[in-house]
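In what follows, a single structure is set out as structure tokens and then discussed.
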Amino acid sequence: MAETGQQDQRYERYEGGSPEAERLVFERLARELMEVQVRNRRAGGGRIERAFHAKAPLGVENARLRFHDDLPAALRVGFAQPGADYPAVVRLSNASGIRQGDGSPDLRGAAVRVQVSEGVSHDLLATSYPVSHASNAREFVAFAKAMAGARTPLHKAFGLFVKLPLAVGLGTATRMRRNVQDATRRTVNSLANETYWSRGAILWGEAGPVRYLLRPAPGTPTAAEPDRRDPDFLHRELARRLGQADVAFDLCVQRYVDERRTPIEDAAVEWKDAVAPTVPIARLTIPAQELDGAEARAAARRIEDLTFNPWYTTDEFRPLGNINRARKAGYQAGGGHRLGLRFVTAEPLRNRLLGRLVGPAFGLLNRVVPWHRLPLSLSLLNLVFLRRVLRRLNLIDTEVREAPPKAQPVPEPIPERLRTERSYDGTYNDLSEPRMGAVGAAFGRNLKPDYRPDTFDTPNPVTVSRQLLYRESFVPATSLNVLAAAWIQFQVHDWVNHRRYKTGGRSVEVPLPPGFDGDWQNVPGGPTERVMRFAENEGIEAPGRPPILFANSASHWWDGSEVYGENERTARFLREPDGGAKLRLEDGHLPGSPNGIPLTGFNESWWMGLSAMHTLFAREHNAVCDALRAEYPSMSEEKVYHTARLVVSALIAKIHTVEWTPAILATEAIDLALHTNWAGPPKNWLNQLGLWLFEAHSLTGIPKTLPDHHAAPYSLTEDFTTVYRMHPLIPDDFELREHQFGRRLETVGFLDIQGGAAESQIRKTGLANSLYSFGIAHPGAITLHNFPRSLQRFERDGEIIDLSVVDLVRTRRRGVPRYNDFRAGLHQGRIRSFEELTENPQTLARLKDVYRDVDEIDTVVGLFAENPPEGFGFSDTAFRIFILMASRRLQSDRFLTVDYRPEVYTPLGIDWVEKGGMNSVVLRHCPELAPLLPRGASAFAPWRTVRETGNGIAGNGSSSDDGTSDGGSP
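Counting in our numbering, the sequence shown runs from 127 upward without gaps.
Written as structure tokens, this is what we have:
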């Protein structure tokens, strides 16, 4: 989504007909330029360089730009005033993206940053030929791709005469070759004798568009013939010249006349001096100095770390034209890539070619045989291609983006500590786009939204709830324990949170259907009414768009914010006094608050299972702190805290990836796939060969790869939120038992251990007994007719709500497509009849009674009704969101990819994560539970029970010792 600014339509025409369409083109071209950088690195060795102008014979920080006293009145705009004098940074360069000898045929470039005041500067970029070889950005990038990595004459000829015509056509390629050959055939003896043209236009305030150029000041001496065997002769010539005198250039402009003779959009057309006379307006002076001393070398090194961009200016001087508009995204991408702030993973040619053949074949095969019914190796390969399709087609950016580009100041430096620490609010995970995934960033989409206000109450969500969701009898998920239910809520509180208006403010009203038994009380002690009323979500205003854009009040990253908080104030409040690294605990439990709900990072929807998870991982944080202090005695408390947070967050991500998800999707294929995500594939030749042929990226675990957001900037999505509506996992009652002798302590209802009652109950029961009680109890199956009754009438934030109705209403009002459209959007066949969804006659009759046709079925209802693959605890449709987003949560996160390394986490921290798991966390803090954990399975599988013998532990053998099960559904 774009925030469309008002540009001057007298001069510019947007590719695709709109700023937003053009923005999408330029984003793709920017990524292609990053791939050019990768190919150039392979050819040139060393590190990622600038896509162009990699080698700089000169970089100085002490130049001056002074406007002439007789500056024409029409050109007196902004900082351009008679006699105005400004400091400037100057970088003179060779145009190639590969560092090569100065004698190689090439263009030359000049980059000048004029510092007007603190926070106000202007970048001027120019090249040593009057016109560009490319008329627009597409041609420019096509040329760069054709020549990427070309070092030898043969490779360059192949690029110019084969690759380029294939990319742009024979006629365009001929014109581009001619421009390049004309520009590079000259012999260059000194960069001080070159003229540099902007080639594209910029606005010059009320004076309108101009092109500018830098030409040698009158009287500049010519250079002697250099020794062309010296690869750095241009630098040495400038060093000799500046050792004796200043070097000066005149800044000149040519003013726009008309679109035919002085075009804005076509950078390959020269503005002839006879049509647009050159007007000198200022002088750029590089003072005499030594270029090879320590100070000069340090300055040159600092300049190499700068990113120049013509959009680092003010709106009065903004760039114009197609190529210039593309330069903002392109230069930011290339600069970020070069400085290690942004990354690209190039796909091997064999993967691209074979993928185009095999991917469609799997699509055809799956019309007959679903992926989960294929032999193991084929099903795994099928999942690889399914994920590729989902990554390409089902990542939709919803953030309000800048289109067209706007002028801006030079970005502030990245806070150094945030290179190795997670920020409190999720900013600076992606260093090239600091707000990506942060608190307040918008939820993305996996499917195009379907906003239909006329169907918000059709069918009535209360009717849907009572007929299809209400728990008539508890249906257990026998392969799991209640810790699995607590865990997923623990995770969801880290990932997603839609902010609500305060109770009594803006609300949603759902009319009670005819025949509903009784009225509804919306607030404790309030009157009964014929409507259900609950707080509306706060949205993001987006003019011209339906009200379905919402900000996440949690960060989107896997950063443990449910434990640590979403802002610095909360995070520091939860720590020990005086800036201690540990989290505050009271006798090993979370500190209390006046309302009885403990103090932690996120404590809404609180119950005893959440308390157990939060307590465990608060203790785990403190254990990591103790270990870090012991191993690294000189480490500061602040560093200990942030390192421990990194470790605990990564451990949580690992547990979810390789333990919780394979527990709820209990098949060999998913177990292998999820372990491959974290640690790489099994070391057998068939898996290795298959991935080498079709997806080499997966030959290592995601933590050993580079960040990759694929088709859209990272965010969690509204569709992701929908498939994580797993409230049926919660039982309505619980039996609490003592773990040592198996004695029953008491039986409690969910409401008895919810809200303010939870913490007193867990303290009375004890953490070990609580974990044991949940470990031997089954959660509910994720299916119809199994929504917890306790959640259909409970108090939250001063409201009485039916959460099943809230789930339905939220999903509809957020524009999540109904079930059949949801399936189709995830590349599954649509169902044509209710019978395709269920064989249960009672459920079938109710579905037909509630919905007029299958296209009306609510997404939540369809996901619960769908018969899951064997071993799965939820539907194959929901799984498609999982396979996409489970990898994405890891792959996009800098701290779970490129910065998941000992230098950031410490060697101890990496070891802690790699050797750790849910069992180790439980045993570290409750070692007495060791005999009760299941053998060969995760802590989310049913634990061993203890017979009430009164004299010790005696397992009854009721749980699966080998970790196998028949899935999460009965």
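The C-beta atom is built at its ideal place from N, Cα and C for all residues, glycine as well.
Starting from PHE266, trace the alpha helix (DSSP H) in both directions and tell me its first and last residue. 263 to 273
Grab me the residues of THR769's own chain with a C-beta within less than 7 Å of its C-beta, minus the 5 sequence neighbours each way, in chain order. LEU754, TYR1031, THR1032 and GLY1035
Quick one: what does DSSP say ALA1063 is sitting in, helix, strand or coil? coil
Going by Cα to Cα distance, which pick from TRP437, THR439, THR346 and GLU351 is closest to ARG409? THR346
Please check the pair SER737 and ALA884, which I expect to be a contact at CB under 8 Å, by giving their CB distance rounded to whole angstroms. 5 Å
Whole-angstrom distance between ALA263 and GLY143, CA atom to CA atom: 15 Å
DSSP puts ALA680 in a beta bridge; with which residues? ALA680 pairs with nothing; no bridge assigned.
For THR1003 versus GLU996, is the C-beta distance shorter than 8 Å? no
Under DSSP, the alpha helix (DSSP H) around ASP797 begins and ends at which residues? 794 to 805
Is there contact between the stretch 430 to 443 and the stretch 186 to 197, where contact requires at least three CB pairs shorter than 8 Å? no
Bridge-paired residues (DSSP) for GLY875: ASP859
How far does the alpha helix (DSSP H) with ASN748 in it reach, from first residue to last? 734 to 757
Member of GLU265, PRO486, LEU1058 and GLN880 whose CA lies at the smallest distance from the CA of HIS953: PRO486
For GLU921, which of helix, strand or coil comes out of DSSP? strand
Between the alpha carbons of TYR137 and LYS708, how many angstroms are there, rounded? 60 Å
Let's test the definition: count the other Cβ atoms within 10 Å of the Cβ of ASN220 and tell me whether it reaches 16, buried, or not, exposed. buried
Report the residue from VAL215, GLY275 and ALA293 whose alpha carbon sits nearest the alpha carbon of SER222. GLY275
Where GLY887 falls: helix, strand or coil (DSSP): Reading off the sequence, residue 887 comes out as Gln, not Gly. Three-state DSSP puts GLN887 in a helix.
So VAL379 packs on LEU251, CB below 8 Å; how close in whole Å? No, VAL379 and LEU251 are not in contact; Cβ-Cβ is about 15 Å, not under 8 Å.
Could you pull the start and end residues of the alpha helix (DSSP H) that LEU480 belongs to? 475 to 491
Let me know the secondary structure DSSP gives HIS661 once reduced to three states. It is Ala, not His, that sits at residue 661 in the sequence shown. Three-state result, ALA661: strand.
Delimiting residues of the beta strand (DSSP E) encompassing GLY235: 234 to 243
What whole-angstrom Cβ distance do ALA318 and ARG367 have, given they're in contact under 8 Å? 6 Å
Cβ-Cβ separation, GLY722 to GLY882 (assumed contact under 8 Å), whole Å: 3 Å
Is the stretch 973 to 989 close to the stretch 756 to 767, with three or more CB pairs under 8 Å? no
DSSP state of TRP1038, grouped into three classes? helix
Touch check for the stretch 235 to 246 and the stretch 293 to 306: three-plus C-beta pairs under 8 Å? no
Consult DSSP for TRP646 and reduce its assignment to one of helix, strand or coil. strand
Are CYS1052 and LEU893 close, meaning C-beta to C-beta below 8 Å? yes
If ALA680 and TRP613 are in contact, beta carbons under 8 Å, what's the gap, nearest whole angstrom? Contact doesn't hold; Cβ gap of about 17 Å is too wide.
So, with DSSP's three-state summary, where would you put TYR212? strand
Pick out the complete beta strand (DSSP E) segments inside the stretch 910 to 972, 3 residues or longer, and give them in chain order. 920 to 922 and 925 to 927
Considering only the beta carbon of each residue, do PRO808 and LEU800 sit closer than 8 Å? no
Residue(s) in a DSSP beta bridge with PRO335: LEU329
Between the beta-carbon of VAL849 and the beta-carbon of LEU862, is there less than 8 Å? no
Exposure of ASP923, with buried meaning 16 or more beta-carbon neighbours within 10 Å: exposed
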